[in-house]
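Q:
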Amino acid sequence: FNHKMWLDMSGIRTVPLETDAELLPEPEAAARLITPNTRAIVLVTPNNPGGVEYPADLVMAFYRLARDRGLALILDETYRDFDSRPFPPHALFADPDWPGTLIHLYSFSKAYRLTGHRVGAMVAGTDRLAQAEKFLDTVTICPNQLGQRAALWGMQNLGQWLAGERAEILARRAAIEAGLARLPGWRVMGAGAYFAYAQHPFDEPAADLARRMVRDIGVLALPGSMFTPAGSPAGARQMRFAFANIDLDGIAALIERLASL
């Protein structure tokens, strides 16, 4: 259910790019990983699991790196409707030569609650879109018509509703950030989109803590080891909390339960 899983199934090797302490990727580190076999750089912003919104200058730096090395930059902005910034997250489309480098991905699943319909969008140069159409003809061809119609209707009619959804998600984000910050030993590493990502204070690995949380306090969260590269010790100290389906009262209850661990 992610880019790496699909690429693994397709026999394409992926090379993880570690992030810094602020959960931001570094272009210099990415440059060191590029080989003659590299074809693309993939960024997801706002990020899952960290929720971090990549600064515009960082996105531009990756764009220039990809352009200068003859690679594609695949920019997944599935959660862009819940970006907290009151201005465009980047200016990549202002470059008249963007079709030679940028492949932009978007999903209507979050904005209009169409998750099961698998309706998305891809913005790329015409040559790349032609190749994508060839591939689509061998698999699903297109999303079902109901999902397509719902996405179109949403774009035409739900602007104000979506603004309200964004405001609610941002309020939940602020509440869970503040709540986790009050818990002794917990450290919020990132928050945004639907997620808060935090370092926990316990001796046990995150996977064991996740099971204990379900058993003892009725809280389901995902251990960081589900997201970090294989062999990375960082995931054992980290947890991802998703707050898309819990309101402010639910977040308050979550913090109370975590405090009881």
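Residues 405 to 665, numbered by my numbering, are exactly what the sequence shown covers, in order.
For each residue, glycine too, the CB sits at the ideal point set by N, CA and C.
Note that this is a predicted model, so its numbers are computed, not measured.
Along the chain, where does the beta strand (DSSP E) that runs through GLU577 open and close?
A: For this step, residue 577 is matched to residue 173 along the sequence shown. Correcting the residue identity first, residue 577 is Arg in this sequence and not Glu. Looking at the DSSP string, ARG577 is not in any beta strand (DSSP E); the run it does join, the alpha helix (DSSP H), is 563 to 586.
Q: Are the CB atoms of SER488 and GLU457 within a distance shorter than 8 Å?
A: For the purposes of this step, residue 457 is identified with residue 53 of the sequence shown, where counting begins at 1. For the purposes of this step, residue 488 is identified with residue 84 of the sequence shown, where counting begins at 1. Yes, the pair counts as a contact, with Cβ atoms nearer than the cut-off.
Q: Rounded to the nearest angstrom, what separates GLU460 and ILE507 at their Cα positions?
A: In the sequence shown, residue 460 corresponds to position 56, counting from 1. In the sequence shown, residue 507 corresponds to position 103, counting from 1. The sequence shown places Ala at residue 460, not Glu. Going from the Cα of ALA460 to the Cα of ILE507 covers about 16 Å.
Q: From the DSSP output, which residues share a beta bridge with TYR601?
A: Within the sequence shown, the letter at position 197 stands for residue 601. In DSSP, TYR601 forms a bridge with GLY594, ARG644.
Q: Would LEU447 and VAL419 qualify as a contact pair, given that the criterion is a beta-carbon distance under 8 Å?
A: Within the sequence shown, numbered from 1, the residue matching residue 447 stands at position 43. Within the sequence shown, numbered from 1, the residue matching residue 419 stands at position 15. Result no, Cβ atoms of LEU447 and VAL419 do not sit closer than 8 Å.
Q: If you check the beta carbons only, do GLY551 and VAL523 fall under 8 Å apart?
A: The residue given as residue 551 occupies position 147 in the sequence shown. The residue given as residue 523 occupies position 119 in the sequence shown. Cβ distance < 8 Å, so GLY551 and VAL523 count as in contact.
Q: Taking DSSP as the reference, what is the three-state secondary structure of ASP499?
A: Residue mapping note: residue 499 aligns to position 95 of the sequence shown, counting from 1. ASP499 carries a coil assignment under DSSP once its states are collapsed to helix, strand and coil.
Q: Are ASP485 and ARG577 close, meaning C-beta to C-beta below 8 Å?
A: One-based indexing of the sequence shown puts residue 485 at position 81. One-based indexing of the sequence shown puts residue 577 at position 173. No, they are not a contact pair.
Q: Near ASP480, which residues of its chain fall below 6 Å by C-beta distance, leaving aside the five closest residues on each side in sequence?
A: As a position in the sequence shown, residue 480 is number 76, starting the count at 1. Within the same chain, ASP480 has close Cβ partners VAL448, LEU509.
Q: Could you spell out where the alpha helix (DSSP H) holding MET464 opens and where it closes?
A: Taking the first residue of the sequence shown as position 1, residue 464 is located at position 60. MET464 -> alpha helix (DSSP H) spans 460 to 472.
Q: Tell me whether the beta-carbon of PHE512 lies closer than 8 Å to the beta-carbon of GLY563.
A: Here residue 512 corresponds to residue number 108 of the sequence shown, with the count starting at 1. Here residue 563 corresponds to residue number 159 of the sequence shown, with the count starting at 1. The answer is no: Cβ separation not under 8 Å.
Q: In angstroms with no decimal places, state the Cα-to-Cα distance between GLY654 and LEU624.
A: By one-based count along the sequence shown, residue 654 stands at place 250. By one-based count along the sequence shown, residue 624 stands at place 220. Straight-line Cα distance between these residues: approximately 13 Å.
Q: Report all residues from its chain with a CB closer than 6 Å to the CB of LEU427; omit the five preceding and five following residues, and keep chain order.
A: By one-based count along the sequence shown, residue 427 stands at place 23. GLY454, VAL456, MET593, GLY594.
Q: Since ILE659 sits in a beta bridge, which residues does DSSP pair it with?
A: Here the question's residue 659 lines up with position 255 in the sequence shown. Answer by DSSP bridge pairing: none, since ILE659 is not bridged.
Q: Within the continuous beta strand (DSSP E) that includes ASP480, where are the two ends?
A: Numbered from its first residue, the sequence shown carries residue 480 at position 76. Looking at the DSSP string, the run of the beta strand (DSSP E) that includes ASP480 is 476 to 480.
Q: Going by CA-CA distance only, name the one from ASP501, PRO547, VAL543, LEU462 that's closest to THR530.
A: For this step, residue 530 is matched to residue 126 along the sequence shown. Cα-wise, what sits closest to THR530 is ASP501.
Q: If I'm right that TYR467 touches LEU496 with Cβ under 8 Å, what's the distance once you round it to whole angstroms?
A: As a first step, residue 467 is located in the sequence shown; it is residue number 63 there, counting from the start. As a first step, residue 496 is located in the sequence shown; it is residue number 92 there, counting from the start. 5 Å between Cβ atoms; contact.
Q: In the DSSP assignment, what are the bridge partners of LEU506?
A: Here residue 506 refers to the residue found at position 102 when the sequence shown is read from its first residue. Answer is LEU477, bridged to LEU506.
Q: For LEU556, count neighbouring Cβ atoms within 10 angstroms of its own Cβ and tell me buried if that reaches 16, exposed if not.
A: As a working mapping, residue 556 is identified with position 152 in the sequence shown. Answer is exposed; the Cβ neighbour count stays below 16.
Q: Secondary structure at SER511, three-state DSSP: helix, strand or coil?
A: Indexing the sequence shown from 1 puts residue 511 at position 107. In this structure, SER511 counts as strand in the three-state DSSP scheme.
Q: Exposed or buried, which one is TRP727 when buried takes at least 16 other CB atoms within 10 Å?
A: Lying outside 405 to 665, the shown extent of the chain, residue 727 is not represented and no answer is given.
Q: I need the straight-line Cα distance from GLY526 to ILE445, nearest angstrom please.
A: Sequence index remark: in the sequence shown, residue 526 carries index 122 (1-based). Sequence index remark: in the sequence shown, residue 445 carries index 41 (1-based). A small correction: the amino acid at residue 526 is Met; Gly does not occupy that position in the sequence shown. Rounded to the nearest angstrom, the two C-alpha atoms are 16 Å apart.
Q: Excluding the 5 residues preceding and the 5 following LEU518 in the sequence, name in chain order all residues of the same chain whose CB lies nearer than 7 Å to its CB.
A: As a working mapping, residue 518 is identified with position 114 in the sequence shown. Around LEU518: PHE512, GLY551, ALA554, ALA555.
Q: What is the rounded straight-line gap between the Cα of LEU533 and the Cα of ILE478?
A: Here residue 533 is taken as the residue at index 129 of the sequence shown, counted from 1. Here residue 478 is taken as the residue at index 74 of the sequence shown, counted from 1. C-alpha separation (whole angstroms): 13 Å.
Q: According to DSSP, LEU447 sits in a beta bridge with which residue or residues?
A: Along the sequence shown, read from residue 1 onward, the residue named residue 447 stands at position 43. Note: LEU447 sits in a beta bridge opposite LEU479.
Q: Counting C-beta neighbours from all protein chains within 10 Å, is the total for THR439 16 or more, i.e. buried, or is it exposed?
A: Mapped onto the sequence shown, residue 439 falls at position 35. With fewer than 16 Cβ atoms within 10 Å of its Cβ, THR439 is classed as exposed.
Q: Can you tell which of ALA585, LEU411, ASN406, ALA640 has its C-alpha closest to the C-alpha of LEU662?
A: Your numbering for residue 662 matches position 258 in the sequence shown. Checking every option, the nearest Cα to that of LEU662 belongs to ALA585.
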